[in-house]
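The structure appears right after this line, and notes come after that.
In my numbering, the protein residues as written are 2 to 357.
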């Protein structure tokens, strides 16, 4: 599996990190969900997923039959499964308990200087709790020449997403770095473990629209709908992700086909939950739940991502959260101008899925 390991460790368009990286470890936490919710949720979730197409069709009919909603674009991804609300509530309650006790340590630190603190956020911990304990691990303190400490999150990760997160120590550094993220000048890579139908391609560029539906959920929209107004008053925005297949069922894929897809209609791919697919995702835009939505559209939802049709149980194990990891960030240092690339170590689930 040496070639597979090398493939994983060489992201597309990467550049040399001039700064040495420090060791970091990935921490896993157990999660308590009542036995009743576990046994009932799997069956209900499977039923919800099987009905997703008909639910989406009903929504389309309702929009077309309601004259007041004729001008609203129709979402192309399914509604959230009803049972996912119960599962997500349980996960949120467990994460709140863990996060309130969480204290960041030096093993989480990837890089630090007098302006930045880069950490490997554990899965199941809220970003705000990582930020609130940042001062406890500082090696480099601010002095009079750099200004007072003001901790800010330069980027955010979903509760169950692990990986690279940047905390700035000064307002000036924060404003510059946030501007870089907003202008898409920061290159990001993610690793995702998906369970679905093995793709026929090795690399794909997927472009679509993104926005909130009338139910308040994030959905995929047609590319041609970008700019159109949505029920809540917001508008459809563009969304683009490049995916590279790293492994399928623990093996390097043999196909080399590359595709460009511009989304204009619902996906015709049925997620059969048969194969384990590890992909590297390179988001070209920064939309909420972007990678999760695009994986769902491609018929390979992220393992454990019950919001977007991911399996709740796999190989006789309950999924405590989704398997998504922020692998790396490449950016220009906001104060020194040095080009940097920072990596978070692979979580256990990624190594196991690729049989490293």
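Cβ atoms here follow ideal geometry from the backbone N, Cα and C, with glycine treated the same way. Fair warning: this is a prediction, and the values are worked out from it, not measured in the lab.
Nearest-angstrom beta carbon gap, residue 345 and residue 327 [assumed within contact, 8 Å]: Taking the chain shown and counting its residues from 1, the one referred to as residue 327 is at position 326. Taking the chain shown and counting its residues from 1, the one referred to as residue 345 is at position 344. The pair is a contact, with the Cβ atoms about 6 Å apart (cut-off 8 Å).
Identify, in the order they occur along the chain, each residue of the same chain with its Cβ nearer than 6 Å to the Cβ of residue 107, setting aside the five sequence neighbours on each side. By 1-based counting over the chain shown, the position of residue 107 is 106. The residues are 138.
Does the segment 331 to 349 come close enough to the segment 196 to 210 to have 3 or more Cβ pairs within less than 8 Å? no
For residue 356 and residue 257, I'd like the C-alpha separation in whole angstroms. Taking the chain shown and counting its residues from 1, one reaches residue 356 at position 355. Taking the chain shown and counting its residues from 1, one reaches residue 257 at position 256. Whole-angstrom Cα-Cα distance: 21 Å.
Tell me whether residue 259 counts as near the ligand ZN, meaning its Cβ is closer than 7 Å to at least one heavy atom of that ligand. Ligands displayed in this structure: none; no statement on the ligand ZN is therefore possible.
Using the beta-carbon count (16 or more within 10 Å), is residue 339 buried or exposed? Reading the chain shown from its first residue, position 338 is the one you call residue 339. Per the 10 Å Cβ criterion, exposed.
Hey, could you find the ends of the alpha helix (DSSP H) residue 179 is sitting in? The count along the chain shown starts at 1 and reaches residue 179 at position 178. It spans 172 to 183 - the alpha helix (DSSP H) in which residue 179 sits, taken as one unbroken run.
Rounded to whole angstroms, what is the Cα-Cα separation between residue 146 and residue 110? Here residue 146 refers to the residue found at position 145 when the chain shown is read from its first residue. Here residue 110 refers to the residue found at position 109 when the chain shown is read from its first residue. Low confidence applies here, because residue 146 scores a pLDDT of 48, under 50, leaving its location unreliable and the question unanswered by this model.
Excluding the five sequence neighbours on either side, which residues of its own chain have a C-beta within less than 6 Å of the C-beta of residue 337, listed in chain order? Counted from its first residue, the chain shown places residue 337 at position 336. So the list is empty, once near-sequence residues are dropped.
For residue 131, the first and last residue of its enclosing alpha helix (DSSP H): The residue you call residue 131 lines up with position 130 of the chain shown. It spans 128 to 133 - the alpha helix (DSSP H) in which residue 131 sits, taken as one unbroken run.
Thinking C-alpha only, which one of 305, 324, 230, 243 is nearest residue 76? Here residue 76 is taken as the residue at index 75 of the chain shown, counted from 1. It is 230 whose Cα lies nearest to the Cα of residue 76.
How is residue 309 classed by DSSP in three states: helix, strand or coil? Start at 1 with the first residue of the chain shown, and residue 309 comes out as number 308. Reduced to three states, the DSSP call for residue 309 is helix.
Would you say the segment 306 to 323 touches the segment 82 to 91, given that touching needs at least three Cβ pairs under 8 Å? yes
Could you pull out every residue in the same chain whose Cβ sits closer than 6 Å to the Cβ of residue 103, ignoring the five residues on either side in sequence? Along the chain shown, read from residue 1 onward, the residue named residue 103 stands at position 102. Cβ neighbours of residue 103 beyond the five flanking positions: 126, 130.
Flag this pair as touching only if the segment 253 to 272 and the segment 156 to 176 have three or more C-beta atom pairs under 8 Å; answer yes or no. no
Does the beta-carbon of residue 299 have 16 or more other beta-carbons within 10 angstroms, so that it is buried, or is it exposed? Here residue 299 refers to the residue found at position 298 of the chain shown. When all chains shown are included, residue 299 counts as buried.
Mind checking whether residue 243 and residue 274 have CB atoms under 8 Å apart? Counting from 1 along the chain shown, the entry for residue 243 is found at position 242. Counting from 1 along the chain shown, the entry for residue 274 is found at position 273. No, these two residues do not count as a Cβ contact at 8 Å.
Sequence-distant residues of its chain with Cβ nearer than 8 Å to residue 168 (five each side left out): By one-based count along the chain shown, residue 168 stands at place 167. Result list for residue 168: 117, 118, 119, 120, 131, 132, 135, 152, 153, 154, 155, in chain order.
With a threshold of 7 Å on Cβ separation, who are the neighbours of residue 158 within its own chain once the five nearest residues in sequence on each side are excluded? In the chain shown, counting from the first residue as 1, residue 158 sits at position 157. Within the same chain, residue 158 has close Cβ partners 122, 128, 164, 166, 327.
Inspect the beta-carbon positions of residue 280 and residue 253 and report whether they are closer than 8 Å. In the chain shown, the residue the question calls residue 280 occupies position 279. In the chain shown, the residue the question calls residue 253 occupies position 252. No. Outside cutoff.
Out of 226, 213, 245, state which residue places its alpha-carbon closest to the alpha-carbon of residue 234. Counting from 1 along the chain shown, the entry for residue 234 is found at position 233. Comparing Cα positions, the closest option is 213.
Measure how close the beta-carbons of residue 302 and residue 291 come, nearest whole angstrom, since I'm counting them as under 8 Å. Mapped onto the chain shown, residue 302 falls at position 301. Mapped onto the chain shown, residue 291 falls at position 290. Going by Cβ atoms, the distance from residue 302 to residue 291 rounds to 14 Å, so no, they are not a contact pair.
If you reduce the DSSP assignment to three classes, tell me which class residue 92 lands in. Locating residue 92 in the chain shown gives position 91, counting from the first residue. Three-state result, residue 92: helix.
For residue 181, which residues from the same chain have a beta carbon less than 8 Å from its beta carbon, with the 5 sequence-adjacent residues on both sides left out? By one-based count along the chain shown, residue 181 stands at place 180. 187, 332, 333, 335, listed in sequence order.
Close-in-space but distant-in-sequence residues of the same chain around residue 96 (CB under 6 Å, 5 per side omitted): Walking along the chain shown from the start, residue 96 turns up at place 95. Cβ within range, chain order: 125, 160.
Spatial distance of residue 201 from residue 249 (CA atoms): Numbered from 1 along the chain shown, position 200 holds the residue referred to as residue 201. Numbered from 1 along the chain shown, position 248 holds the residue referred to as residue 249. For residue 201 and residue 249, the distance between alpha carbons rounds to 11 Å.
Would you check if the distance between the CB atom of residue 272 and the CB atom of residue 198 is smaller than 8 Å? Within the chain shown, numbered from 1, the residue matching residue 272 stands at position 271. Within the chain shown, numbered from 1, the residue matching residue 198 stands at position 197. Taking 8 Å as the Cβ cut-off, residue 272 and residue 198 qualify as a contacting pair.
Take residue 89 as the anchor and find which of 251, 74, 354, 320 has the nearest alpha-carbon. Here residue 89 is taken as the residue at index 88 of the chain shown, counted from 1. Per the Cα distances, 320.
Residues bridged to residue 112 by DSSP? The sequence position of residue 112 within the chain shown is 111, counting from 1. Per DSSP, 119.
For residue 169, which of helix, strand or coil comes out of DSSP? Counting from one through the chain shown, the residue named residue 169 turns up at place 168. Residue 169: strand per DSSP, three-state reduction.
Buried or exposed: where does residue 317 fall if 16 or more other Cβ atoms within 10 Å of its Cβ makes it buried? Numbered from 1 along the chain shown, position 316 holds the residue referred to as residue 317. So residue 317 ends up on the exposed side.
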